[in-house]
Amino acid sequence: MRMSQLLLRTLRENPADTDSEGYALLVRAGYVRRLSSGVYTFLPLGLKVLHRIEAIVRRELDRAGMQEMLMPALSPIELWDQSGRSARFGTDALPALTVDGRGGTYVLGPTHEEVVTATVGQEVESYRQLPVTVYQIQSKFRDEARPRYGLVRTKELVMCDAYSFDRNPEGMQASYEKAVAAYLEIFAAVELEATPVVAQSGAIGGEVNHEFMVPSVIGEDHFASCSACGYHANTEAAERQCSAQTAELSDVAPRRQVATPGVVTMDDVVAHFAADEIALTNMVKAIAATNADGEIVVIAVRGDREVRLPHGWDLLDDEALTAHRGLHKGSIGLVGLASHGISLAVDLELMARPGPWLCGGNAADTHDVSVVIGRDVEPDLVGSFVVVEAGDACPNCAGALELVRSVEAAHTFQLGLQYSTKMTGASFLDEDGTEQPLWMGCYGIGVSRLLGVLAEAHHDDKGLVWPKSVAPFDLHLVTLGANRNPDLQTAGDLLYEQLTREGFSVLYDDREGSPGVKFADADLLGVPIRLVLGAKGLERGVVEWRRRSDDGEGEVSLSGPFSELR
RNA sequence: CGGGCUGUAGCGCAGCUUGGUAGCGCGCCUCGUUCGGGACGAGGAGGUCCCGGGUUCAAAUCCCGGCAGCCCGACCA
Numbered sequence: 006m007r008m009s010q011l012l013l014r015t016l017r018e019n020p021a022d023t024d025s026e027g028y029a030l031l032v033r034a035g036y037v038r039r040l041s042s043g044v045y046t047f048l049p050l051g052l053k054v055l056h057r058i059e060a061i062v063r064r065e066l067d068r069a070g071m072q073e074m075l076m077p078a079l080s081p082i083e084l085w086d087q088s089g090r091s092a093r094f095g096t097d098a099l100p101a102l103t104v105d106g107r108g109g110t111y112v113l114g115p116t117h118e119e120v121v122t123a124t125v126g127q128e129v130e131s132y133r134q135l136p137v138t139v140y141q142i143q144s145k146f147r148d149e150a151r152p153r154y155g156l157v158r159t160k161e162l163v164m165c166d167a168y169s170f171d172r173n174p175e176g177m178q179a180s181y182e183k184a185v186a187a188y189l190e191i192f193a194a195v196e197l198e199a200t201p202v203v204a205q206s207g208a209i210g211g212e213v214n215h216e217f218m219v220p221s222v223i224g225e226d227h228f229a230s231c232s233a234c235g236y237h238a239n240t241e242a243a244e245r246q247c248s249a250q251t252a253e254l255s256d257v258a259p260r261r262q263v264a265t266p267g268v269v270t271m272d273d274v275v276a277h278f279a280a281d282e283i284a285l286t287n288m289v290k291a292i293a294a295t296n297a298d299g300e301i302v303v304i305a306v307r308g309d310r311e312v313r314l315p316h317g318w319d320l321l322d323d324e325a326l327t328a329h330r331g332l333h334k335g336s337i338g339l340v341g342l343a344s345h346g347i348s349l350a351v352d353l354e355l356m357a358r359p360g361p362w363l364c365g366g367n368a369a370d371t372h373d374v375s376v377v378i379g380r381d382v383e384p385d386l387v388g389s390f391v392v393v394e395a396g397d398a399c400p401n402c403a404g405a406l407e408l409v410r411s412v413e414a415a416h417t418f419q420l421g422l423q424y425s426t427k428m429t430g431a432s433f434l435d436e437d438g439t440e441q442p443l444w445m446g447c448y449g450i451g452v453s454r455l456l457g458v459l460a461e462a463h464h465d466d467k468g469l470v471w472p473k474s475v476a477p478f479d480l481h482l483v484t485l486g487a488n489r490n491p492d493l494q495t496a497g498d499l500l501y502e503q504l505t506r507e508g509f510s511v512l513y514d515d516r517e518g519s520p521g522v523k524f525a526d527a528d529l530l531g532v533p534i535r536l537v538l539g540a541k542g543l544e545r546g547v548v549e550w551r552r553r554s555d556d557g558e559g560e561v562s563l564s565g566p567f568s569e570l571r
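Residue numbers for the first sequence follow my numbering, beginning at 6 and rising by one.
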């Protein structure tokens with residue numbers, strides 16, 4: 006590509022309102038432009054990188070035996086009524102955009118479980134056709150509340166989404182493992198470090214799932230990581246253990262109730278009992294929730310910790326809480342729940358150190374002082390119900406957990422029968438002649454997001470530094486002063502043609518302009534190898550090369566061979 | 001969805017307090033000199049000052065109402 010003809014304008018100054026270095030460089034170097042909040046145009050250079058990422062994704066998924074297809078971005082809302090997900094549109098869980106057309110309401114697909122289930126369900130009739138995994142690379146639409154970090158969080162995004170269909174849970178598991186392995190190959194190929202972490206599934210549904218987290222300063226999440234044993238989990242899913250502390254409780258004062266009018270929040274409690282010198286770490290924070298079966302459960306954790314709801318549980322809303330005769334907002338506690346049919350889930354830590362605790366009194370404007378678990382109350386359930394913090398003990402090996410800031414670059418799910426039982430036609434005839442629902446998995450990787458993450462991971466103060474595998478060009482050929490030296494011009498043109506013939510993709514800076522401008526642009530654009538052809542080199546019949554990543558340099562003869570440049 | 005800030009040339013910004021001819025730097029066009037790390041000189045093009053209403057002889061500037069963008073938080077497949 007001759008640079009004189011490329012639609013490219015580099016900017017000397019950082020654009021306003023860029024919130025990350027990688028994104029600012031993508032704009033300065035002319036790869037992308039923002040059209041509106043969270044909506045981007047890929048200029049020719051940016052599209053080249055996007056296409057290279059897509060090619061790697063295709064290569065690895067094809068190798069894993071998946072088949073590419075293309076579904077429409079637009080789908081009728083009736084399909085989403087079938088799965089029940091249309092009820093959640095417009096909420097933060099599923100910010101789908103819809104379009105009213107003449108044929109009714111359409112959904113601009115935020116993800117494609119419904120469409121693919123309907124499509125593959127229609128094609129698959131027999132177990133003989135299974136397993137099958139399909140994928141597509143396509144634009145997705147999400148009405149993001151707050152787009153951020155350039156291509157990392159957008160309203161329109163290029164995504165690769167794959168879906169597996171199997172006869173049984175074992176098949177699903179095998180397909181899942183294949184997909185995870187393929188995704189890891191993709192990350193290795195684009196030179197990003199991704200860690201699969203156990204996560205919760207949110208609006209997609211299903212049980213087992215992993216997020217592929219790339220550590221980055223522009224990460225929007227943290228995951229818990231144990232360097233000792235390799236345990237990884239999203240903070241929404243991470244567990245931890247607590248070692249039991251022995252305590253002599255026989256002389257602890259009996260439980261007593263204290264009137265605490267107007268004391269609602271933990272801050273209120275701390276203030277109210279300040280005179281008694283009871284620390285927050287000796288208090289219990291208790292909240293009411295509904296579990297996956299819709300039953301009411303009180304979750305109790307140490308006062309200074311944040312409650313983590315298990316997957317499928319929801320916080321009880323204020324209305325339901327006020328209406329319930331056994332619960333009193335601000336005074337939810339441990340003792341006396343059973344008589345109201347409420348079960349008690351207690352965090353590990355409260356068991357490790359059974360008391361005495363200060364907690365709500367389960368009566369209006371009342372708190373309990375000196376509660377001892379095991380003496381005053383028995384929990385129905387014990388588990389890790391707090392959001393992990395750095396330093397908590399790894400659930401596997403008790404090593405100290407770290408929290409790593411990172412971007413979610415891909416997400417894989419074992420969906421099971423979640424969609425195939427709700428949607429019509431998603432079944433097959435098994436060997437024994439019975440009709441069975443399809444066991445599904447789904448696997449999403451953010452292709453345009455990867456571009457943003459790559460720019461953030463691979464740059465320096467001068468500009469972008471693309472890994473070879475995704476760079477827009479292999480070589481960036483710069484001629485110096487060719488406009489006033491016809492021999493140089495000819496030599497540059499020849500070299501450009503020759504390199505292109507030998508299979509290199511070459512960006513040829515044939516523009517007029519001072520060396521400083523050309524060098525600065527070359528650094529900014531980040532092509533892996535820069536070639537400089539000047540008058541001095543021409544005399545000696547050589548062209549200089551310099552590697553962008555480490556400034557390694559050398560010369561090759563103008564007549565070749567050029568293998569050194571590969 | 002709450003709180004804060006911003007909207008002026010392609011890009012980055014000043015001007016607004018105290019109303020009166022719309023500016024600077026970069027970029028862009030022409031000519032000349034220069035040119036192996038963002039050159040210099042001369043000349044030039046380019047604006048619904050976010051939108052609508054109000055006050056005023058007069059509004060980029062003051063007032064009211066919108067819209068958009070950014071930041072913090074909430075949320076996040």
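Ideal Cβ placement from N, Cα and C applies to all residues, glycine included.
Being a predicted model, the structure only gives us computed values, none of them experimental.
Helix, strand or coil at residue i according to DSSP, with G and I counted as helix
| i | result |
| --- | --- |
| Y424 | coil |
| M177 | helix |
| R5 | Here the chain comprises residues numbered 6 to 571, so residue 5 is not present and cannot be evaluated. |
| S169 | strand |
| P491 | helix |
| D86 | helix |
| N401 | coil |
| N239 | strand |
| L156 | helix |
| L197 | coil |
| S375 | strand |
| T484 | strand |
| G388 | strand |
| D273 | helix |
| D309 | coil |
| F94 | strand |
| T463 | The amino acid occupying residue 463 in the given sequence is His; Thr does not appear at that position. The answer is coil: DSSP assigns H463 none of H, G, I, E or B. |
Beta-carbon proximity of residue i to residue j, cut-off 7 Å
| i | j | result |
| --- | --- | --- |
| L443 | A431 | yes |
| E216 | E413 | yes |
| L121 | V475 | The displayed chain sequence assigns Val, not Leu, to residue 121. Their beta carbons are not under 7 Å apart, which means V121 does not touch V475 by this criterion. |
| N19 | A34 | no |
| V112 | S80 | yes |
| Q441 | G366 | no |
| G346 | C364 | no |
| C247 | A357 | yes |
| E161 | V44 | yes |
| E59 | I191 | no |
| S91 | T138 | no |
| L469 | G518 | no |
| C165 | V452 | yes |
| D514 | M8 | yes |
| Y140 | A167 | yes |
| V157 | S144 | no |
| T46 | R38 | yes |
| P477 | V104 | no |
First and last residue of the uninterrupted beta strand (DSSP E) at residue i
| i | result |
| --- | --- |
| H333 | That residue, H333, is in no beta strand (DSSP E); it is neither H nor E in DSSP. |
| P201 | 200 to 203 |
| L292 | Contrary to the premise, residue 292 reads as Ile rather than Leu in this sequence. Its beta strand (DSSP E) spans residues 289 to 295. |
| M218 | 214 to 220 |
| D67 | First-last for D67: 49 to 68, but that is the alpha helix (DSSP H), not the beta strand (DSSP E). |
| S348 | 348 to 352 |
Residue interval of the alpha helix (DSSP H) (run including residue i)
| i | result |
| --- | --- |
| V121 | 118 to 128 |
| K523 | 520 to 530 |
| R545 | 540 to 545 |
| Y28 | 26 to 33 |
Exposure of residue i, with buried meaning 16 or more beta-carbon neighbours within 10 Å
| i | result |
| --- | --- |
| R147 | buried |
| K334 | exposed |
| C234 | exposed |
| N488 | exposed |
| P49 | exposed |
| A21 | exposed |
| C447 | buried |
| Q423 | buried |
Assumed close pair residue i, residue j - CB separation to whole angstroms, cut-off 8 Å
| i | j | result |
| --- | --- | --- |
| V185 | P201 | 6 Å |
| H372 | T286 | Actually they do not touch by this definition, with Cβ atoms about 16 Å apart. |
| L493 | L563 | Incorrect: roughly 11 Å between the Cβ atoms, too far for contact. |
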